[in-house]
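Residue numbers (the numbering used here): 1 to 516.
Structure (C-alpha cells):
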C-alpha cells in the first residue's frame, strides 16, 4: 500500500531525527599510511611543480576556451567549440577523437587509453547559457582577468564555472601529468554534451555508439572546483531527476473561446478564456499555498531514506548547521512553512516538488494591448527523488488533467529527461576522493544527492551502472547569471588555479592507486 503524503513526511522526519551523527570521515575506510605513500610521492611533487611553473600558459588556455562562444539556446559557436575541444583531446594524446552527430547539436567523444588498470568515464558539457552583455561588468566573451575581493584575480566570462573554465583547468592538469610522467594514471573515456543547457535531449545519442566500450569503465569521475566562497567543500552522491513539461491550452483544442487568433478583449463578455482555463487547471494540481502537490499518486513511488542516507543527513546537520543554505539565503527571506534550516535541508534532499518555470499568454510588452488570447502555456518541472521516474510522472499529470475535465490541455515533454542518480559513499571512487580531502585536512559536507539534475543517471543506471562522484578544489560562482567567474588567485581559504589543478592530479592518482 502506498504511503500518504503525511505518513511520508512524518516517517522521514522521525527516521532522520533518530540517526546518530559523527564525522564524515567516519565513512572513510582508507588503508593505514596509504595517503602519505601516494599523495606525498616524488612523482606528484614534480607534477605539482610543473603546474605552478606553467600557470600563465594554463590561464591562456582557459581564456581561449571561454572566448569561443557555445550558446546552445542560440546555436552560437557550438560546433566551433566542439572542434576546439577536440583539438585539446588530440593534444592530450587520445587515440579516438570525433564529433558525434545527433538529432540536435553535436556531441564529442574522445578516448585516452594509456594501458592503465583502471578506466573512468568522464562527462563534459561544453555549451553555455545565453547572456545579456549589458548586464555584465566585463564582456562575457572577453574572459578578462579582473580583481574580485575577497579573492585576487578571477576570470569573468560566460561558462567560467559552468563548466568551460572548470574543464579547462582539468585539461591543464591532465596535460601536466602527460608532460611529466608520459601517461595518465587512468584511462579516460570522455563523453561531451553540447546541449546540457537544453536538458541534454540527445546526449543518449552521444553515448549510444560507445556503450560497449563504456561498460569497461570502473567508475564515473568528474573533477572541478567544488569549494564555496568561504572555502567549504560540498560532495553530492547523486542528483534528483527532472520531468519538464509544457502545458498548453488553446481555444481550438478546447472548442471554446477564440479559435484561430486573439480577439478584442471586449468579447470576453461573451467568450471563454483559454488563459483562465489554464490557470484553473494549474490550481487543481496543488494546495492553496502551492507547496503540496494534489496530483493523485504523485508521492506514491518515493522511498524512505536508506540507513546510509539517514546517517549522511544527520552528520550534515550536526557538522554544518547554519552553513548549508548560505547561498540560497542571499535571495530568500523565509523557507516554506517557516522551516528551520535543518527542516529545509531535509525537504531539499528527500522531497519531490512541482514548479512553474514560466507562464505566458497574450500581450506582455509595454503599454496595453486589449486582447482575449486564443492560447496560454506554462512550463513546469517536477524534481524527482528515488524511486520516482519521468514517464510515470508525466502520465500521472495527464490522468489528473483528464480526471478534472482538462483533457484538451496538451502536454509536451521538454529536454532529455534526467532521471535521479545515486552512489554509495562506500564506492571506491568516493572513498578515494574523501581520502584526498582528509589528507588536505578539509572535511567535506556530503549530501546524499544534490537538489538539481544532470545526465549523471545515464552513467549510473543500467546498462553502465557506474559509481559516480565529482570533486576538487577551487571556486567559481554566478552560473546562469551575469558576471559569472572562476578564481585564479585564491586566498587563505579558497584555492586558486594552481592549487586547484594540483588537487585534480591528487584525486586521479588516489583513485588509480585505491585498493580494489
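Note that the Cβ used here is the ideal one computed from N, Cα and C, for glycine as well.
What number of angstroms, rounded off, separates the C-alpha of residue i from the C-alpha of residue j?
{"i": "residue 366", "j": "residue 360", "result": "15 Å"}
{"i": "residue 159", "j": "residue 129", "result": "7 Å"}
{"i": "residue 324", "j": "residue 341", "result": "8 Å"}
{"i": "residue 305", "j": "residue 387", "result": "11 Å"}
{"i": "residue 265", "j": "residue 280", "result": "19 Å"}
{"i": "residue 247", "j": "residue 447", "result": "33 Å"}
{"i": "residue 505", "j": "residue 425", "result": "21 Å"}
{"i": "residue 466", "j": "residue 257", "result": "52 Å"}
{"i": "residue 232", "j": "residue 48", "result": "22 Å"}
{"i": "residue 1", "j": "residue 301", "result": "A caution first: residue 1 carries a pLDDT of 45, below 50, which makes its placement in the model unreliable, though a value can still be read off. Using only the alpha carbons, I get a separation of about 11 Å."}
{"i": "residue 34", "j": "residue 43", "result": "15 Å"}
{"i": "residue 294", "j": "residue 461", "result": "29 Å"}
{"i": "residue 406", "j": "residue 310", "result": "40 Å"}
{"i": "residue 24", "j": "residue 320", "result": "11 Å"}
{"i": "residue 151", "j": "residue 81", "result": "29 Å"}
{"i": "residue 516", "j": "residue 75", "result": "44 Å"}
{"i": "residue 251", "j": "residue 259", "result": "5 Å"}
{"i": "residue 268", "j": "residue 368", "result": "16 Å"}
{"i": "residue 275", "j": "residue 417", "result": "27 Å"}
{"i": "residue 164", "j": "residue 65", "result": "7 Å"}
{"i": "residue 500", "j": "residue 445", "result": "18 Å"}
{"i": "residue 261", "j": "residue 371", "result": "10 Å"}
{"i": "residue 337", "j": "residue 429", "result": "38 Å"}
{"i": "residue 154", "j": "residue 84", "result": "23 Å"}
Identify the residues that DSSP records as bridge partners of residue i: which are they?
{"i": "residue 193", "result": "125"}
{"i": "residue 98", "result": "109"}
{"i": "residue 377", "result": "248, 360"}
{"i": "residue 153", "result": "147"}
{"i": "residue 412", "result": "246"}
{"i": "residue 421", "result": "239"}
{"i": "residue 468", "result": "220"}
{"i": "residue 198", "result": "Partner(s): none; residue 198 has no beta bridge."}
{"i": "residue 355", "result": "381"}
{"i": "residue 233", "result": "227"}
{"i": "residue 263", "result": "372"}
With H, G and I counted as helix, E and B as strand and the rest as coil, what does DSSP make of residue i?
{"i": "residue 249", "result": "strand"}
{"i": "residue 81", "result": "helix"}
{"i": "residue 507", "result": "helix"}
{"i": "residue 431", "result": "helix"}
{"i": "residue 219", "result": "strand"}
{"i": "residue 313", "result": "helix"}
{"i": "residue 532", "result": "Outside the shown range of the chain, which is 1 to 516, sits residue 532, and nothing can be said about it."}
{"i": "residue 1", "result": "Only weak support is given to the placement of residue 1: the predicted model assigns it a pLDDT of 45, under 50, and the value that follows is read from those uncertain coordinates. The answer is coil: DSSP assigns residue 1 none of H, G, I, E or B."}
{"i": "residue 188", "result": "strand"}
{"i": "residue 447", "result": "strand"}
{"i": "residue 26", "result": "helix"}
{"i": "residue 63", "result": "helix"}
{"i": "residue 347", "result": "helix"}
{"i": "residue 158", "result": "coil"}
{"i": "residue 70", "result": "coil"}
{"i": "residue 334", "result": "coil"}
{"i": "residue 383", "result": "strand"}
{"i": "residue 481", "result": "coil"}
{"i": "residue 475", "result": "coil"}
{"i": "residue 54", "result": "coil"}
{"i": "residue 370", "result": "coil"}
{"i": "residue 487", "result": "strand"}
I'd like to know whether the C-beta atoms of residue i and residue j end up nearer to each other than 7 Å.
{"i": "residue 422", "j": "residue 255", "result": "no"}
{"i": "residue 191", "j": "residue 67", "result": "no"}
{"i": "residue 127", "j": "residue 72", "result": "yes"}
{"i": "residue 476", "j": "residue 161", "result": "yes"}
{"i": "residue 483", "j": "residue 156", "result": "yes"}
{"i": "residue 70", "j": "residue 78", "result": "yes"}
{"i": "residue 118", "j": "residue 512", "result": "yes"}
{"i": "residue 180", "j": "residue 50", "result": "yes"}
{"i": "residue 104", "j": "residue 210", "result": "no"}
{"i": "residue 97", "j": "residue 206", "result": "no"}
{"i": "residue 384", "j": "residue 332", "result": "no"}
{"i": "residue 394", "j": "residue 217", "result": "no"}
{"i": "residue 432", "j": "residue 510", "result": "yes"}
Taking only heavy atoms of the ligand ADP into account, decide whether any of them is closer than 6 Å to the Cβ of residue i.
{"i": "residue 346", "result": "This structure simply doesn't include the ligand ADP, nor any ligand for that matter."}
Quiz item: Within the chosen definition, does the stretch 229 to 237 reach the stretch 396 to 416 through at least 3 CB pairs nearer than 8 Å?
Solution: Not touching, per the Cβ criterion.
Quiz prompt | At least 3 beta-carbon pairs within less than 8 Å: the stretch 179 to 191 vs the stretch 112 to 127 | solution = Contact annotation: the stretch 179 to 191 touches the stretch 112 to 127, with at least three C-beta pairs closer than 8 Å.
Self-check item: Touch test, the stretch 377 to 384 against the stretch 342 to 360, Cβ-Cβ under 8 Å, three pairs minimum
Solution: Here the stretch 377 to 384 makes contact with the stretch 342 to 360; the two share three or more CB pairs at distances below 8 Å.
Quiz item: Do three or more CB pairs link the stretch 193 to 203 to the stretch 438 to 446 at distances below 8 Å?
Solution: In short, these stretches do not touch, since the Cβ pair count stays below three.
Practice problem: Evaluate the contact criterion for the stretch 52 to 63 versus the stretch 130 to 138: three or more CB pairs, one atom per stretch, below 8 Å. | Solution: They do not touch, by the three-pair rule.
Exercise. Decide if the stretch 222 to 231 is in contact with the stretch 167 to 179; the criterion is three or more beta carbon pairs, one per stretch, under 8 Å apart.
Key: Yes: the two stretches touch, three or more of their Cβ pairs being nearer than 8 Å.
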